[in-house]
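What follows is a set of notes on a single structure, which appears directly below.
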Amino acid sequence: MATIKPLGNRVLVKRSKTRASKGGILLPESAQEKPKEGEVMAVGEGTTNDNGQLQTLTVNVGDRVLFSSYAGTEIKQNESEEELLILTEDDILGILA
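The sequence shown begins at 147 in the working numbering and counts up by one.
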């Protein structure tokens, strides 16, 4: 699969891996809640404001971000089976320090 370059105010995020429970209980993948955080892999160029000037995005490649549960569109790359999301910057709730 080719490299994905988000357009406009969209961001490509690699979802974090699920963590084991504190009690050591193993749940099937279908019963686990998907993580709501990930790492920014690529960002779009931004959008134009009312004055016609390009407004760049706040997030950068490499930032760890927090997003809402049902945000974005899920994509799976064939070679690596990585789960990626394409989100708009508005779907991102914050940058994790």
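For each residue, glycine too, the CB sits at the ideal point set by N, CA and C.
Beta-carbon proximity of residue i to residue j, cut-off 7 Å
i	j	result
residue 192	residue 202	yes
residue 234	residue 155	yes
Any non-hydrogen atom of the ligand ATP within 6 Å of residue i CB
i	result
residue 194	The ligand ATP is not among the ligands present in this structure, which contains no ligands whatsoever.
Buried/exposed call for residue i, threshold 16 Cβ in 10 Å
i	result
residue 157	buried
residue 197	exposed
residue 232	buried
Option in the options with minimal Cα separation from residue i
i	options	result
residue 242	223, 236, 210, 154	210
residue 287	153, 159, 223	The requested residue 287 is not part of the displayed model; the chain covers only 147 to 243.
Assigned secondary structure, residue i (DSSP; H/G/I helix, E/B strand, else coil)
i	result
residue 235	helix
residue 159	strand
For residue i, the residue or residues it bridges with in DSSP
i	result
residue 212	183, 240
residue 200	194
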